[in-house]
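Residue numbers (our numbering): 4 to 112.
All C-beta atoms, glycine included, are put in the ideal place defined by N, C-alpha and C.
Keep in mind it's a predicted model, so treat the numbers as computed, not measured.
To start, the structure under review is shown below, and the notes come after it.
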Ligand SMILES: [Zn+2]
């Protein structure tokens, strides 16, 4: 199965795949409709902390960064939209512009 992702409910930008690992835009928070909350790195393939999100229920997804800035909302806020770039397939200039990371993005020539 290929990469896929969702949009952050706050900033509307995509939860990125963890390449490079630990980039802040792949650090995510998931709040399920039933109240369960999971925080960790999104793996790009539908899992957070090893737990599968697909078929696990309806959830709101956030970047951890946005969720913390918003005061850590713990309530389900509606289903998150799918991410059209699958959390990965961006042009370099789009990543540099929309998803700044510490140290900057490194691309192979
Ligand atoms: Zn966000």
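- Listed as beta-bridge partners of residue 64 by DSSP are 33.
- In the structure shown, residue 44 falls within a strand segment according to DSSP collapsed to helix, strand and coil.
- Distances between the C-beta of residue 41 and the heavy atoms of ligand 1 are all 7 Å or more.
- When DSSP reads this structure, residue 84 sits in no beta bridge, so it has no partner.
- Rounded to whole angstroms, the separation of the alpha carbons of residue 14 and residue 69 is 7 Å.
- Not one heavy atom of ligand 1 is found less than 7 Å from the C-beta of residue 27.
- In the DSSP assignment, residue 98 falls within the unbroken alpha helix (DSSP H) covering 95-101.
- The beta carbon of residue 101 sits closer than 7 Å to the beta carbons of 16 from its chain, once the five residues preceding and following it are set aside; these are given in chain order.
- Looking at the DSSP output, residue 54 sits in a beta bridge with 51.
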